[in-house]
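Heads up: the sequence lines are chains A and B, in that order.
Going by my numbering, the first sequence opens with residue 1, and the numbers climb by one from there.
Going by my numbering, the second sequence opens with residue 182, and the numbers climb by one from there.
Even glycine gets a Cβ: it sits at the ideal position worked out from N, Cα and C.
I have placed the structure first, in the form of structure tokens, so that the comments after it can refer back to it.
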Amino acid sequence: MKVGVLAVQGAFAEMEAYWRAQGADVFEIRQRADLERGMDLLALPGGESTVQGKLLNDLGLFAPIKERIVGGLQVFATCAGLILLAEKIDDPGARGGTRPERWFGVLPVAVRRNAYGRQLGSFHTVGVFDGRPDVPMTFIRAPAIAEVLSPEVKALSTFNGRPTSVRWRNITAFTWHPELG
Amino acid sequence: MSNRQELNRNLAQMLKGGVIMDVTTPEQAKIAEAAGACAVMALERIPADIRAAGGVSRMSDPAMIKGIQNAVSIPVMAKCRIGHIAEARILEAIEIDYIDESEVLSPADDTRHIDKTKFDVPFVCGARDLGEALRRIGEGATMIRTKGEPGTGDVVQAVRHMRKMQSEIRRVVSLREDELYEAAKELAAPLDLVKYVHANGKLPVVNFAAGGVATPADAALMMELGAEGVFVGSGIFKSGDPAKRAAAIVQAVTNWQDSKLLAKLSENLGPAMVGINADEIETIMEERGK
Numbered sequence: 001m002k003v004g005v006l007a008v009q010g011a012f013a014e015m016e017a018y019w020r021a022q023g024a025d026v027f028e029i030r031q032r033a034d035l036e037r038g039m040d041l042l043a044l045p046g047g048e049s050t051v052q053g054k055l056l057n058d059l060g061l062f063a064p065i066k067e068r069i070v071g072g073l074q075v076f077a078t079c080a081g082l083i084l085l086a087e088k089i090d091d092p093g094a095r096g097g098t099r100p101e102r103w104f105g106v107l108p109v110a111v112r113r114n115a116y117g118r119q120l121g122s123f124h125t126v127g128v129f130d131g132r133p134d135v136p137m138t139f140i141r142a143p144a145i146a147e148v149l150s151p152e153v154k155a156l157s158t159f160n161g162r163p164t165s166v167r168w169r170n171i172t173a174f175t176w177h178p179e180l181g
Numbered sequence: 182m183s184n185r186q187e188l189n190r191n192l193a194q195m196l197k198g199g200v201i202m203d204v205t206t207p208e209q210a211k212i213a214e215a216a217g218a219c220a221v222m223a224l225e226r227i228p229a230d231i232r233a234a235g236g237v238s239r240m241s242d243p244a245m246i247k248g249i250q251n252a253v254s255i256p257v258m259a260k261c262r263i264g265h266i267a268e269a270r271i272l273e274a275i276e277i278d279y280i281d282e283s284e285v286l287s288p289a290d291d292t293r294h295i296d297k298t299k300f301d302v303p304f305v306c307g308a309r310d311l312g313e314a315l316r317r318i319g320e321g322a323t324m325i326r327t328k329g330e331p332g333t334g335d336v337v338q339a340v341r342h343m344r345k346m347q348s349e350i351r352r353v354v355s356l357r358e359d360e361l362y363e364a365a366k367e368l369a370a371p372l373d374l375v376k377y378v379h380a381n382g383k384l385p386v387v388n389f390a391a392g393g394v395a396t397p398a399d400a401a402l403m404m405e406l407g408a409e410g411v412f413v414g415s416g417i418f419k420s421g422d423p424a425k426r427a428a429a430i431v432q433a434v435t436n437w438q439d440s441k442l443l444a445k446l447s448e449n450l451g452p453a454m455v456g457i458n459a460d461e462i463e464t465i466m467e468e469r470g471k
């Protein structure tokens with residue numbers, strides 16, 4: 001399987017290692033020309049969503065990637081990646097600064113950024129993911145899925161009754177970091 | 182290693198490939214965030230002004246730091262003096278995302294650094310070589326940066342430190358296992374961390390470049406030499422067009438291998454900070470804290 005990892009900012013090296021460990025053929029997406037290599041799956045890593053969102057625009061990656069996602073390309077997204085995909089960014093208590101309404105806006109969920117607070121609110125837990133028990137889950141300044149906007153969205157894991165990872169059509173997205181194990 | 186230490190190393194991993202910018206006001210913080218900073222360093226005076234002002238330089242006013250925390254959604258860092266446990270506790274109390282135990286401020290302790298394993302909040306520390314980096318990590322630092330010579334706009338020390346660290350890492354990798362004990366002694370570093378470097382060919386934490394980065398080309402140079410991201414201090418808000426320069430440096434860090442793009446990014450940025458030749462200064466900050 002050929003996996004393209006968005007490598008504009010963040011923990012893309014960890015995402016690449018995660019997919020290599022599963023036997024995938026991995027390449028990095030840093031600019032438009034990289035997309036021409038073709039892929040079976042697009043991986044959107046953790047990092048800062050404001051930075052990744054801006055770089056996607058500055059580097060001319062935004063439209064061609066969105067077109068591929070809407071066209072059915074398999075997507076695997078963690079943390080910042082989930083924020084980039086969400087249909088709605090809903091952080092009423094959020095501080096000022098960059099407050100986009102959405103980036104790709106394709107996944108029918110509303111996310112709340114930094115939902116567990118600052119770094120002191122980051123935590124590690126173990127839970128059930130997609131029926132598998134004892135899966136390590138690391139939340140780093142993590143977002144939360146505040147609302148699911150379509151009955152087609154399936155929760156794969158939950159924390160305190162709220163979904164922490166979801167699957168919808170061609171997209172699997174996490175508020176935590178499976179690539180950090 | 183404790184759970185907190187692991188989580189704190191993880192946050193640094195999320196900052197990789199990014200640019201951390203010094204800011205002194207909420208307005209500057211917003212400009213930095215909009216330009217693509219992955220975090221900001223809140224401080225009352227940027228290093229160039231600290232150097233110009235002289236005197237004792239201390240932790241910033243918590244009210245000023247909070248103003249910046251309220252202005253942006255990205256992580257906010259702040260500096261405490263080397264060895265100043267109480268300043269670090271204060272920064273932890275206001276829930277700072279990362280503390281920089283920094284040689285840019287006047288050291289509070291001329292021999293010891295803070296025992297950072299006693300804190301929940303993460304620390305980044307400066308290092309000029311591998312031994313210094315591993316000593317800081319042994320004390321609980323979860324991110325390392327080169328020391329450079331802050332406030333000069335001269336990248337020469339950052340280059341020296343990064344090259345030295347990378348070549349010492351390559352040397353440790355090349356050793357036989359039974360030579361690591363002697364290497365740990367020479368480096369004055371914890372043996373378990375020397376063993377980690379031998380096995381993995383890198384530091385156990387994220388390693389950024391800092392000090393004197395003023396242009397997209399400087400940032401690309403530091404990435405070429407093995408930095409995983411860059412801190413830009415005085416280089417942005419001491420320049421002619423901070424927003425444009427900041428955005429250009431952010432793109433340069435992502436695409437440091439693309440010379441054509443770097444050429445484009447370097448065009449029409451206005452005047453860079455004037456800078457001071459690092460050989461012509463009297464206060465050598467990098468010597469603080471070994």
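Cβ neighbour criterion (16 or more within 10 Å) applied to residue i
{"i": "Leu436(B)", "result": "Residue 436(B) is actually Asn in this sequence, not Leu. Asn436(B) should be labelled buried."}
{"i": "Lys154(A)", "result": "exposed"}
{"i": "Gly382(B)", "result": "exposed"}
{"i": "Ser238(B)", "result": "buried"}
{"i": "Gln22(A)", "result": "exposed"}
{"i": "Ile417(B)", "result": "buried"}
{"i": "Met343(B)", "result": "buried"}
{"i": "Glu208(B)", "result": "exposed"}
{"i": "Met404(B)", "result": "buried"}
{"i": "Pro452(B)", "result": "exposed"}
{"i": "Ile465(B)", "result": "exposed"}
{"i": "Arg20(A)", "result": "exposed"}
Minimum Cβ-Cβ distance from residue i to chain B less than 8 Å
{"i": "Ser122(A)", "result": "yes"}
{"i": "Ala142(A)", "result": "no"}
{"i": "Val8(A)", "result": "yes"}
{"i": "Gly23(A)", "result": "no"}
{"i": "Ala11(A)", "result": "yes"}
{"i": "Asp58(A)", "result": "yes"}
{"i": "Lys54(A)", "result": "yes"}
{"i": "Gly93(A)", "result": "Since pLDDT at Gly93(A) reaches only 48, below the 50 mark, its modelled position is unreliable, and the value read off the structure follows with that caveat. No, no contact with chain B."}
{"i": "Glu36(A)", "result": "no"}
{"i": "Gly47(A)", "result": "yes"}
{"i": "Val51(A)", "result": "yes"}
{"i": "Arg32(A)", "result": "no"}
{"i": "Thr138(A)", "result": "yes"}
Under the three-state DSSP convention, the category residue i falls into
{"i": "Tyr116(A)", "result": "coil"}
{"i": "Trp19(A)", "result": "helix"}
{"i": "Glu14(A)", "result": "helix"}
{"i": "Asp34(A)", "result": "helix"}
{"i": "Asp230(B)", "result": "helix"}
{"i": "Phe62(A)", "result": "helix"}
{"i": "Phe165(A)", "result": "Note on identity: in this sequence residue 165(A) is Ser, with Phe being the wrong assignment. In the structure shown, Ser165(A) sits in a strand (DSSP, three-state: E or B)."}
{"i": "Thr78(A)", "result": "strand"}
{"i": "Leu149(A)", "result": "coil"}
{"i": "Asp40(A)", "result": "coil"}
{"i": "Lys376(B)", "result": "helix"}
{"i": "Ala215(B)", "result": "helix"}
{"i": "Thr125(A)", "result": "strand"}
{"i": "Thr138(A)", "result": "strand"}
{"i": "Val70(A)", "result": "helix"}
{"i": "Leu406(B)", "result": "coil"}
Nearest neighbour of residue i, chosen from the options [CA to CA]
{"i": "Ser283(B)", "options": "Ser241(B), Glu360(B), Asp439(B) and Glu448(B)", "result": "Ser241(B)"}
{"i": "Ser287(B)", "options": "Gln250(B), Pro331(B) and Lys247(B)", "result": "Pro331(B)"}
{"i": "Ser49(A)", "options": "Lys471(B), Arg316(B) and Glu214(B)", "result": "Glu214(B)"}
{"i": "Pro163(A)", "options": "Leu42(A), His124(A) and Phe129(A)", "result": "Phe129(A)"}
{"i": "Ala267(B)", "options": "Asp296(B), Glu187(B) and Asp439(B)", "result": "Asp296(B)"}
{"i": "Val253(B)", "options": "Cys219(B), Gln347(B) and Glu467(B)", "result": "Cys219(B)"}
{"i": "Val75(A)", "options": "Thr125(A), Met15(A), Pro143(A) and Gly131(A)", "result": "Met15(A)"}
{"i": "Ala339(B)", "options": "Leu406(B), Arg317(B) and Asp359(B)", "result": "Leu406(B)"}
{"i": "Ile145(A)", "options": "Gly161(A), Met39(A), Val135(A) and Lys66(A)", "result": "Gly161(A)"}
{"i": "Gly181(A)", "options": "Ala173(A), Met137(A) and Val148(A)", "result": "Met137(A)"}
{"i": "Ala7(A)", "options": "Leu443(B), Arg469(B), Gln432(B) and Glu468(B)", "result": "Gln432(B)"}
{"i": "Val413(B)", "options": "Tyr377(B), Asp422(B) and Gly393(B)", "result": "Gly393(B)"}
Contact with chain A by residue i, beta-carbon distance below 8 Å
{"i": "Leu402(B)", "result": "no"}
{"i": "Ser137(B)", "result": "Lying before the first or after the last residue shown, residue 137(B) is absent from chain B, which here runs from 182 to 471."}
{"i": "Gly392(B)", "result": "no"}
{"i": "Asp230(B)", "result": "no"}
{"i": "Thr435(B)", "result": "yes"}
{"i": "Glu276(B)", "result": "yes"}
{"i": "Tyr362(B)", "result": "no"}
{"i": "Gly217(B)", "result": "yes"}
{"i": "Asp439(B)", "result": "yes"}
Task: Ordered list of beta strand (DSSP E) runs contained in the region 287 to 355 of chain B, each at least 3 residues - done: 304 to 308 and 324 to 327
- [ ] Could you pull out every unbroken alpha helix (DSSP H) segment of at least 4 residues lying fully inside the region 413 to 450 of chain B, listed in chain order?
- [x] 415 to 418, 423 to 435 and 440 to 446
TODO: Enumerate, from N- to C-terminal direction, the unbroken beta strand (DSSP E) stretches of 3 or more residues contained entirely within the region 222 to 272 of chain B.
DONE: 257 to 262
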